[in-house]
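Asker: One structure, pasted below without further comment.
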Amino acid sequence: MSEPTSDDRRKFQVTLADAFQRAVDEFQYISVDPEVMGGAPCIRGTRVTVHGILDSVREGGSLEDPRRGWARLSREQVKEALGFAAEVIECALEDG
5 MSEPTSDDRR KFQVTLADAF QRAVDEFQYI SVDPEVMGGA PCIRGTRVTV HGILDSVREG
65 GSLEDPRRGW ARLSREQVKE ALGFAAEVIE CALEDG
């Protein structure tokens, strides 16, 4: 398999950006604000990042693990963070 060209990378970046925006629009608990956590996707009204939730689930292996670290998170918010991440990846792959 050959190395991706700069055109391939550029196309993927645009596709990923489109997928990201569609996912932000779809998930009610997720927000992106350049003034909060550098624009990383977060649980709306918090500074808890989707990435942080993914790491917590990966390390602990359950939906309850992020809630131990961030007691105010609901199970629905954790599930939505996981769904958001999956949606971004799936949309990018479909468009790519």
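When the letters of the sequence shown are read in order and numbered with my numbering, they come out as residues 5 to 100.
By construction, the Cβ of each residue, glycine as well, lies at the ideal position given by its N, Cα and C atoms.
#1: Starting from residue 58, follow the alpha helix (DSSP H) in both directions and report where the run begins and ends.
#2: Would you kindly work out how many angstroms separate the C-alpha atoms of residue 64 and residue 7, rounded to a whole number?
#3: Counting pairs of Cβ atoms below 8 Å between the segment 22 to 36 and the segment 55 to 70, do you hit three or more?
#4: What does residue 34 pair with, by DSSP beta-bridge criteria?
Answerer: Inspection of the coordinates gives the following:
#1: Here the alpha helix (DSSP H) through residue 58 covers 54 to 64.
#2: Their backbone Cα atoms lie some 35 Å apart in a straight line.
#3: No, the segment 22 to 36 does not touch the segment 55 to 70.
#4: As computed with DSSP, residue 34 is found in a beta bridge with 47.
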